[in-house]
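Novice:
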Amino acid sequence: MYEPPEIRWIVDRAAVIDAIGAFANAMDAKDWQKVRSHLADEIDIDYSEFRGETPRRITAEEYIKQRVEGLAGLRTLHVSTNHEVTIHHNTAKCQSAYQIYRLDPSRESGENRLDTAGNYFHSLIQRTEGHWRIDGIKQTVVIVSGNPQVHGALGGTS
1152 MYEPPEIRWI VDRAAVIDAI GAFANAMDAK DWQKVRSHLA DEIDIDYSEF
1202 RGETPRRITA EEYIKQRVEG LAGLRTLHVS TNHEVTIHHN TAKCQSAYQI
1252 YRLDPSRESG ENRLDTAGNY FHSLIQRTEG HWRIDGIKQT VVIVSGNPQV
1302 HGALGGTS
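If you read the sequence shown in our numbering, its first letter stands for residue 1152, the second for the next number, and so on.
1. So the candidates are K1185, P1156, D1163, S1296; which of them puts its Cα closest to the Cα of H1282?
2. Give me, in chain order, the residues of the same chain whose beta-carbon lies closer than 7 Å to that of N1176; leave out the 5 immediate sequence neighbours on both sides.
3. So what does I1285 bridge to, in DSSP terms?
4. Quick check: the stretch 1229 to 1239 against the stretch 1253 to 1266, are there 3 or more CB pairs under 8 Å?
5. Can you tell me whether G1306 is helix, strand or coil according to DSSP?
6. DSSP on Y1214, reduced to helix/strand/coil?
7. Return helix, strand or coil for A1177, following the three-state DSSP convention.
8. In the DSSP assignment, find the unbroken alpha helix (DSSP H) run with E1259 in it and report its ends.
9. Measuring CA to CA, which of V1292, A1173, H1189 is closest to R1284?
10. Find out if the Cβ-Cβ distance for the pair I1171, S1247 is shorter than 8 Å.
11. Leaving out the 5 sequence neighbours to the left and right, which residues in its chain are closer than 6 Å to K1185 when beta-carbon positions are compared?
12. According to DSSP, simplified to helix, strand and coil, what is E1235?
13. If you count every other CB in all the chains shown that lies within 10 Å of the CB of H1302, and 16 or more means buried, which is it?
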């Protein structure tokens, strides 16, 4: 027998996916104020597969500072899909697939791209009615293609 999901779960699920998508779009636009609006005050980050850095807890401001420095001069496109969302009270988890295109327009063609693809594991908390904030990000890497010098991430700067 079919039992429809609760409306609250559907609304929350959509809001979680919207938060992750808006966060990615704000990164591409380099709208750092909007990026901040989607983050909790502190975030557990794990980019160890891509950057080789130790997973840690940092402030939202430190997270943004790293992205400002690491993405300076680059054009990016973050694509997020295949969202699997789990919600428990005021917390949520979302596993998704991603592809990130990075282009450095100052480099010669053929040396100006770095593309990655893999999975993100976001954890979120609900701070205000309907507004979810990211408080954890783990990135796993399946594909790396292009010139790693395009982006300082492989050297641990972003």
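A virtual CB, placed ideally from N, CA and C, is assigned to each residue, including glycine. A quick note: this is a predicted structure, and the numbers were derived from the prediction, not measured.
Specialist: Short version:
1. D1163
2. none
3. L1190, L1275
4. no
5. Because the pLDDT at G1306 is just 46, under 50, the model does not fix this residue reliably, and the value given afterwards should be weighed accordingly. Correct three-state label for G1306: helix.
6. helix
7. helix
8. Here E1259 belongs to no alpha helix (DSSP H), and DSSP marks it neither H nor E.
9. H1189
10. yes
11. A1177
12. strand
13. buried
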